[in-house]
Ligand SMILES: Nc1ncnc2c1ncn2[C@@H]1O[C@H](COP(=O)(O)OP(=O)(O)O)[C@@H](O)[C@H]1O
Ligand SMILES: [Mg+2]
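Protein chains in written order, with the UniProt record's numbering: chain A, 1 to 229; chain B, 1 to 372.
#1: Which class does residue 11/B belong to by DSSP, given the choice of helix, strand or coil?
#2: Cα-Cα, which of 95/A, 62/A and 21/A is closest to residue 46/A?
#3: Kindly identify the DSSP beta-bridge partner or partners of residue 195/A.
#4: Excluding sequence positions up to five away, which residues of its chain have a Cβ less than 6 Å from the Cβ of residue 100/B?
#5: Using a C-beta to C-beta distance shorter than 9 Å, which residues of chain A count as neighbours of residue 365/B?
#6: Cβ-heavy atom distance between residue 76/A and ligand 2 below 7 Å?
#7: Under 8 Å between beta-carbons, which chain B residues line up against residue 27/A? List them in chain order, please.
#8: Leaving out five residues before and five after residue 229/A in sequence, what residues of the same chain have Cβ atoms less than 7 Å from its Cβ?
#9: Can you tell me whether residue 66/B is buried or exposed? The criterion is at least 16 other CB atoms within 10 Å of its CB, across all chains shown.
#10: Output yes or no for whether 8 Å exceeds the beta carbon distance between residue 238/B and residue 20/B.
#11: For chain A, find out if any of its Cβ atoms is closer than 8 Å to the Cβ of residue 357/B; answer yes or no.
#12: Counting along the chain, where does the alpha helix (DSSP H) carrying residue 337/B start and finish?
#13: Starting from the beta carbon of residue 4/B, find every residue of chain A whose beta carbon is closer than 7 Å, and list them in chain order.
#14: Taking only heavy atoms of ligand 2 into account, decide whether any of them is closer than 7 Å to the Cβ of residue 46/A.
#15: Given 7 Å as the limit, tell me if residue 206/A has its C-beta closer than that to any heavy atom belonging to ligand 1.
#16: Residue 88/B by DSSP, collapsed to three states: which one?
#17: Could you check whether the region 92-106 of chain A touches the region 9-19 of chain B, counting it as contact only if at least three pairs of C-beta atoms, one from each stretch, sit closer than 8 Å?
#18: Are three or more beta carbon pairs between the region 140-153 of chain B and the region 189-208 of chain B nearer than 8 Å?
#19: With a threshold of 8 Å between beta carbons, is residue 99/A in contact with chain B?
#20: Can you name the start and end residues of the beta strand (DSSP E) that residue 148/A belongs to?
#21: To the nearest angstrom, how far is it from the Cα of residue 145/A to the Cα of residue 338/B?
#22: Can you check whether the CB of residue 74/A is closer than 8 Å to the CB of residue 49/A?
#23: State yes or no: is the C-beta of residue 223/A nearer than 7 Å to some heavy atom of ligand 2?
#24: Give the residues of chain A in contact with residue 279/B, contact being defined as C-beta atoms less than 9 Å apart.
#25: Ignoring anything shorter than 4 residues, give me the alpha helix (DSSP H) runs that lie fully in the region 131-211 of chain B, in order along the chain.
#26: Leaving out five residues on either side along the sequence, give the residues of the same chain with a beta carbon under 7 Å from the beta carbon of residue 211/B.
#27: Expressed to the nearest angstrom, what Euclidean distance is found between the alpha-carbon atoms of residue 143/A and residue 63/A?
#28: Say whether the region 77-85 of chain B touches the region 94-113 of chain B, bearing in mind that this needs 3 or more beta-carbon pairs closer than 8 Å, one atom from each stretch.
#29: Could you tell me which whole alpha helix (DSSP H) segments of length 4 or greater appear in the region 22-86 of chain A?
#30: Which residues in chain B have a C-beta closer than 9 Å to the C-beta of residue 109/A? List them in chain order.
#31: Name, in chain order, the residues that DSSP records as bridge partners for residue 14/A.
#32: What would DSSP say about residue 226/A, mapped onto helix, strand or coil?
#33: Give me the chain A residues within the contact set of residue 12/B, using Cβ-Cβ distance strictly less than 8 Å, ordered along the chain.
#34: Among the residues of its own chain, which have a CB less than 7 Å from the CB of residue 127/B, if the five just before and after it don't count?
#35: Alpha carbons only, please: which of 318/B, 256/B, 351/B and 263/B is nearest the one belonging to residue 297/B?
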């Protein structure tokens with residue numbers, strides 16, 4: 001059974017004459033442990049697709065099965081549960097909660113789990129250590145540099161220990177060096193068995209992945225699998 | 001989590017939080033003061049009910065000319081043994097101030113009207129002989145001078161020996177504690193002259209066991225004999241302490257102030273939520289449901305209004321300490337206060353959160369995720 005199964009997915013924004021059809025019949029199947037990049041011109045529907053995969057948005061038409069469960073019919077409560085337990089996100093602009101510390105940001109997904117405070121603390125500490133930002137733990141995130149912020153975001157995605165990690169142009173706001181470091185981390189996570197889907201413009205970023213899906217105008221244009229190039 | 005979240009919010013939006021707390025605190029203060037004054041009025045009413053003269057009627061006599069005082073006392077000849085007389089609206093000078101006193105009179109037997117903390121009540125001899133003796137309430141003890149083993153209260157040019165302290169041990173009894181009770185017959189000459197010069201006499205007759213109809217008749221007979229031209233009016237007894245507390249009006253005022261505070265809080269919280277859509281979007285992306293978000297906001301508002309309650313109560317205690325000298329106000333917080341506080345906290349939080357919660361529910365993680 002595939003991890004992610006998208007069947008004839010449509011997504012329309014707006015109403016009447018102002019509608020935009022962002023996705024036009026997308027079929028996509030992703031298995032456990034895949035490392036995929038989604039590429040395509042700006043406005044082609046990449047983010048829309050990723051948001052639907054991440055259960056943050058619902059398709060207008062079509063069926064999405066995650067782990068065999070049709071999630072298109074689920075309600076807020078169940079969707080948020082899936083987001084918490086199965087999916088982690090990394091965003092271009094980091095999406096960290098301002099005014100909160102590094103620890104509080106990283107621990108965010110864990111408060112919804114049945115864990116003790118001590119367990120939460122241990123897990124967070126472990127990943128902060130792993131990413132070399134343990135010393136920033138008590139710092140307010142708004143005081144960090146871009147590279148540090150993205151590591152906090154990665155730590156938050158790692159600490160959740162979900163099977164799926166989704167990243168929407170994660171290197172977009174980073175310099176070359178930090179971007180390369182981030183991709184190394186994704187490779188590492190993939191080797192540990194996680195399924196990673198990365199949206200990118202950057203061929204170099206895509207070269208880290210094992211499968212490249214190209215989208216043009218809301219439709220899948222090509223889908224090439226290969227060993228890491 | 002909720003504590004660190006609210007701590008962060010306060011740090012991030014100190015002014016907004018300050019005004020929410022300020023608004024709610026002030027309304028707690030107003031509600032608390034309102035409850036205190038209602039409690040106080042109720043207490044006074046009860047005390048007054050309890051200590052007012054039994055089976056009493058008010059009598060007004062208008063004389064044709066200035067009456068002779070000894071003759072005035074003759075009005076009460078042959079009234080019932082237990083029936084007492086209280087002269088109303090009598091004040092005596094004490095130093096520079098005027099002091100309200102309660103002159104009492106019986107013809108055959110003294111009936112104790114007030115409980116005693118110490119000492120003794122008047123004897124019938126003291127009443128009949130016009131002895132300068134006084135019973136004083138606790139609050140009047142500060143006006144009393146100690147000389148040797150005796151205590152005296154100077155009123156007019158006379159020194160009254162304090163023979164007893166009236167009141168209830170260990171408890172304030174406002175209708176008693178300010179009183180000075182003396183035999184009617186002991187009034188200083190100057191006071192008597194002033195009284196008779198008005199050609200008016202207001203007094204209350206009372207009896208511990210039965211309505212004093214016969215005494216009323218007897219007094220009328222005496223009057224017709226002693227002062228043929230005088231007029232007598234009898235009316236039901238009304239307390240000389242005026243208690244006009246309109247509970248409905250107070251309640252309406254409190255509710256209005258509360259609603260104002262809520263409107264203020266709703267405004268500020270809505271604005272606050274606006275500022276927090278980013279945080280809420282992120283929380284949703286990482287698995288918080290609408291229910292989680294709304295209950296988080298509700299808990300935060302509960303904490304904020306609980307803090308406001310504490311501040312409001314503290315303000316009241318503080319204010320009370322300061323204004324206690326001027327107006328007599330009880331400073332204790334009652335069960336009513338505490339239960340109102342609980343209702344206040346939950347209600348305020350619920351009311352304040354409705355509009356912001358609807359806003360928060362509409363936040364979609366996708367709307368905010370790619371914002372800088
Ligand atoms: N919330 C939205 N409301 C209306 N139109 C949207 C919304 N989100 C995306 N779109 C439109 O859908 C299309 C695809 O957008 P998006 O998925 O963000 O593309 P990409 O990420 O590939 O740049 C674009 O034309 C965009 O304008
Ligand atoms: Mg995009």
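Virtual Cβ for every residue (Gly too), placed ideally from N, Cα, C.
Reading it off the structure:
#1: Working through the second chain from its first residue, we reach residue 11/B at position 11. If DSSP states are grouped into helix, strand and coil, residue 11/B belongs with the helices.
#2: Residue 46/A sits at position 46 when you count from the first residue of the first chain. Checked all of 95/A, 62/A and 21/A; the closest Cα to residue 46/A is 21/A.
#3: Indexing the first chain from 1 puts residue 195/A at position 195. Paired residues: 164/A.
#4: Stepping through the second chain from its first residue, residue 100/B is reached at position 100. Excluding residues within five positions, the ones whose Cβ falls inside 6 Å are 91.
#5: In the second chain, counting from the first residue as 1, residue 365/B sits at position 365. Within chain A, the residues placing a beta-carbon under 9 Å from that of residue 365/B are 51, 54, 56, 57, 83, 89 and 95, ordered along the chain.
#6: Numbered from its first residue, the first chain carries residue 76/A at position 76. False, no ligand heavy atom lies under 7 Å from that Cβ.
#7: As a position in the first chain, residue 27/A is number 27, starting the count at 1. The contacting residues do not exist; residue 27/A stays about 22 Å from chain B at best.
#8: Within the first chain, the letter at position 229 stands for residue 229/A. With a pLDDT of only 46 at residue 229/A, under the threshold of 50, the placement of this residue in the model should not be trusted, and no figure is reported.
#9: Within the second chain, the letter at position 66 stands for residue 66/B. Sixteen is the threshold: since fewer than 16 other Cβ atoms of the shown chains lie within 10 Å of the Cβ of residue 66/B, the residue is exposed.
#10: Along the second chain, one-based indexing puts residue 238/B at 238. Along the second chain, one-based indexing puts residue 20/B at 20. At least 8 Å separates the beta-carbon of residue 238/B from that of residue 20/B.
#11: Reading the second chain from its first residue, position 357 is the one you call residue 357/B. Residue 357/B does not count as touching chain A.
#12: The residue labelled residue 337/B in the question sits at position 337 within the second chain. Residues 335-362.
#13: Counted from its first residue, the second chain places residue 4/B at position 4. Neighbours of residue 4/B in chain A, taken as residues at a C-beta separation under 7 Å, are given in chain order as 104.
#14: If you number the first chain from 1, residue 46/A lands on position 46. At least one heavy atom of ligand 2 is nearer than 7 Å to the Cβ of residue 46/A, so yes.
#15: The residue labelled residue 206/A in the question sits at position 206 within the first chain. Not under cutoff, so the answer is no.
#16: For the purposes of this step, residue 88/B is identified with residue 88 of the second chain, where counting begins at 1. DSSP, reduced to helix, strand and coil, places residue 88/B outside both helices and strands of the structure shown, so it counts as coil.
#17: Taking a cut-off of 8 Å on C-beta distances, the region 92-106 of chain A touches the region 9-19 of chain B, as three or more cross pairs fall below it.
#18: Verdict: no, contact absent.
#19: As a position in the first chain, residue 99/A is number 99, starting the count at 1. Answer yes: the Cβ-Cβ gap between residue 99/A and chain B drops below 8 Å somewhere.
#20: By 1-based counting over the first chain, the position of residue 148/A is 148. In this chain, residue 148/A is not harboured by any beta strand (DSSP E); it is covered by the alpha helix (DSSP H) spanning 146-159.
#21: Here the question's residue 145/A lines up with position 145 in the first chain. Here the question's residue 338/B lines up with position 338 in the second chain. Rounded to whole angstroms, residue 145/A to residue 338/B spans 49 Å at the Cα level.
#22: Against the first chain, residue 49/A aligns to sequence position 49. Against the first chain, residue 74/A aligns to sequence position 74. The answer is no: Cβ separation not under 8 Å.
#23: The residue given as residue 223/A occupies position 223 in the first chain. No.
#24: The residue given as residue 279/B occupies position 279 in the second chain. The contacting residues are 97, 98, 99 and 100.
#25: Those alpha helix (DSSP H) runs which fall completely within the region 131-211 of chain B and span 4+ residues are 174-177 and 189-197.
#26: Working through the second chain from its first residue, we reach residue 211/B at position 211. So the qualifying residues of the chain are 55.
#27: Reading the first chain from its first residue, position 143 is the one you call residue 143/A. Reading the first chain from its first residue, position 63 is the one you call residue 63/A. Distance between the alpha carbons of residue 143/A and residue 63/A is about 42 Å.
#28: These segments touch.
#29: Complete alpha helix (DSSP H) runs here, min 4: 46-53 and 76-86.
#30: For this step, residue 109/A is matched to residue 109 along the first chain. Correct list: 286 and 287.
#31: Translated into positions along the first chain, residue 14/A becomes position 14. Paired residue(s): none; residue 14/A is not in a bridge.
#32: Within the first chain, the letter at position 226 stands for residue 226/A. In this structure, residue 226/A counts as coil in the three-state DSSP scheme.
#33: The residue given as residue 12/B occupies position 12 in the second chain. Going along chain A in sequence order, the residues near residue 12/B (Cβ under 8 Å) are 98 and 99.
#34: Along the second chain, read from residue 1 onward, the residue named residue 127/B stands at position 127. Closer than 7 Å at the Cβ level, and outside the excluded window around residue 127/B, lie 105, 106, 110, 183 and 185.
#35: In the second chain, counting from the first residue as 1, residue 297/B sits at position 297. When the alpha-carbon of residue 297/B is set against those of 318/B, 256/B, 351/B and 263/B, the nearest one is in 351/B.
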